[in-house]
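Asker: At position 90 of the sequence shown the residue is numbered 82 (the working numbering), and the sequence of numbers has no breaks. Okay, here's the structure, questions in a sec.
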Amino acid sequence: MSERHEPFLEWLARWEASLPTAELKTVVAEPARVALVSVDLVKGFCYEGPLASPRIAGIVPAVVDLFRRAYDLGVRHFLLTQDTHDPDSVEFDAFPPHCVAGTSESETIDELNDLPFANLFTVIPKKSISSSIGTALGTWLENHPQVTTFIIVGDCTDLCVYQAAMYLRLRANVLGQKDARVIIPADCVQTYDLPVETAQEIGAMPHDGDLLHRLFLYHMALNGVEVVARLT
């Protein structure tokens, strides 16, 4: 990478390292106005199948802890947007077949399903990296206008999480919702890593997980998403 990029990349690393924390109790002070949004925490990205990543599985304990604490503080809106593909999905031209409807890969991870309040979950199937295109998310938002704070967790930081966060942030901007908040706790999102050498061996595009995770956290923050290190 050219020397011209070094100052920005060095700044970016310092920015990520200095992300502030936020107090969950304060964020959810009005729990009826809060939704916790889990993006793609399914078995096919955590534990099994061609796109499963240990990096993504690694955020599961923090996510489950956040779900428990949010529930204890009165949050009752839990949205789970999840890949649920047709067997002949066009997306499989870009990514290997994954999370096909009716397979275990498309199922919510057990760690979330086993929570005693899992009956409150609203599962929103999706057929692309977008949580909003061709899904029920827009209708849910229209039916719950009082919900103006969204805490987003899941994967991948630069793909589905980014799409969900940007949709919610930009939608609020267009609607003039000045009190809307979209919050990303960095310890509860992650992306996969595919080194150049490995990618060349299997004929795939490489994917620098650390760089892209950091870069897309920055890009969301640049657009008004509140990126914090964690919700304490």
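Beta carbons: idealized from backbone N, C-alpha and C, even for Gly. Quantities reported herein were computed from a predicted structural model and do not represent experimental measurements.
Write down the C-beta distance between Cys38 and Ile101 rounded to the nearest angstrom, noting that I regard them as a contact closer than 8 Å.
Answerer: Within the sequence shown, the letter at position 46 stands for residue 38. Within the sequence shown, the letter at position 109 stands for residue 101. About 5 Å separates the two Cβ atoms, so the contact holds.
Asker: Just list the residues that DSSP pairs Glu97 with in beta bridges.
Answerer: Mapped onto the sequence shown, residue 97 falls at position 105. Per DSSP, none; premise fails for Glu97.
Asker: To the nearest angstrom, report how far apart Ser98 and Arg(-4) are at their CA atoms.
Answerer: In the sequence shown, counting from the first residue as 1, residue 98 sits at position 106. In the sequence shown, counting from the first residue as 1, residue -4 sits at position 4. C-alpha separation (whole angstroms): 43 Å.
Asker: Between the region 163 to 171 and the region 44 to 52, can you find at least three pairs of beta-carbon atoms closer than 8 Å?
Answerer: Segments in contact, no.
Asker: Whose C-alpha, out of Glu22, Thr114 and Pro198, is nearest the C-alpha of Arg173?
Answerer: The residue you call residue 173 lines up with position 181 of the sequence shown. If we check each option's Cα against that of Arg173, Glu22 comes out closest.
Asker: Measure the beta-carbon distance from Asp32 to Asp200 and round it to whole angstroms, keeping in mind my assumption that it falls under 8 Å.
Answerer: The residue given as residue 32 occupies position 40 in the sequence shown. The residue given as residue 200 occupies position 208 in the sequence shown. Contact doesn't hold; Cβ gap of about 20 Å is too wide.
Asker: Are three or more beta carbon pairs between the region 58 to 65 and the region 82 to 99 nearer than 8 Å?
Answerer: Taking 8 Å as the limit for Cβ pairs, the verdict is that the region 82 to 99 does not touch the region 58 to 65.
Asker: Residues bridged to Ser122 by DSSP?
Answerer: Translated into positions along the sequence shown, residue 122 becomes position 130. None; Ser122 has no bridge partner.
Asker: Considering only the beta carbon of each residue, do Val26 and Val67 sit closer than 7 Å?
Answerer: For the purposes of this step, residue 26 is taken as the residue at position 34 of the sequence shown. For the purposes of this step, residue 67 is taken as the residue at position 75 of the sequence shown. Yes, Cβ-Cβ distance for Val26 and Val67 is below 7 Å.
Asker: Specify the secondary structure class of Ile51 as computed by DSSP and reduced to three states.
Answerer: Locating residue 51 in the sequence shown gives position 59, where the first residue counts as 1. Coil.
Asker: For Arg173, which beta-bridge partners are listed by DSSP?
Answerer: The residue you call residue 173 lines up with position 181 of the sequence shown. Note: Arg173 sits in a beta bridge opposite Thr141.
Asker: Hey, out of Tyr159, Ala191 and Asp185, whose CA is closest to Asn215's CA?
Answerer: Position 223 of the sequence shown, counted from the start, is the residue given in the question as residue 215. If we check each option's Cα against that of Asn215, Tyr159 comes out closest.
Asker: From Trp7 to Lys17, what distance separates their C-alpha atoms?
Answerer: Along the sequence shown, read from residue 1 onward, the residue named residue 7 stands at position 15. Along the sequence shown, read from residue 1 onward, the residue named residue 17 stands at position 25. So the two alpha carbons sit approximately 25 Å from each other.
Asker: To the nearest angstrom, how far is the alpha carbon of Met197 from that of Tyr154?
Answerer: Counted from its first residue, the sequence shown places residue 197 at position 205. Counted from its first residue, the sequence shown places residue 154 at position 162. Each residue's alpha carbon lies about 19 Å from the other.
Asker: Considering only the beta carbon of each residue, do Tyr210 and Leu4 sit closer than 7 Å?
Answerer: Position 218 of the sequence shown, counted from the start, is the residue given in the question as residue 210. Position 12 of the sequence shown, counted from the start, is the residue given in the question as residue 4. Contact: yes.
Asker: According to the neighbour-count rule (16 or more other Cβ atoms, all chains shown, within 10 Å of its Cβ), is Leu112 buried or exposed?
Answerer: For this step, residue 112 is matched to residue 120 along the sequence shown. Per the 10 Å Cβ criterion, exposed.
Asker: What is the residue span of the beta strand (DSSP E) that His69 lies within?
Answerer: As a first step, residue 69 is located in the sequence shown; it is residue number 77 there, counting from the start. His69 to Asp75 is the span of the beta strand (DSSP E), which, as asked, contains His69.
Asker: Helix, strand or coil for Gly168? Go by DSSP, reduced to three states.
Answerer: As a position in the sequence shown, residue 168 is number 176, starting the count at 1. Three-state DSSP puts Gly168 in coil, outside helix and strand.
Asker: If you draw a straight line from the C-alpha of Ser(-6) to the C-alpha of Asp75, how long is it?
Answerer: Taking the first residue of the sequence shown as 1, we reach residue -6 at position 2. Taking the first residue of the sequence shown as 1, we reach residue 75 at position 83. Taking the straight line from one Cα to the other gives about 37 Å.
Asker: Express the C-alpha separation of Lys35 and Val29 in angstroms, rounding to a whole number.
Answerer: Here the question's residue 29 lines up with position 37 in the sequence shown. Here the question's residue 35 lines up with position 43 in the sequence shown. Distance between the alpha carbons of Val29 and Lys35: 17 Å.
Asker: Identify every residue that forms a DSSP beta bridge with Glu218.
Answerer: Mapped onto the sequence shown, residue 218 falls at position 226. In DSSP, Glu218 forms a bridge with Ile175.
Asker: Which ranges would you report for the beta strand (DSSP E) in the region -5 to 51 if only whole runs of at least 3 residues count?
Answerer: The qualifying runs are 26 to 31.
Asker: Let me know if Ile125 comes out buried or exposed under the rule of 16 or more other beta-carbons within 10 Å of its beta-carbon.
Answerer: Here residue 125 is taken as the residue at index 133 of the sequence shown, counted from 1. It counts as exposed.
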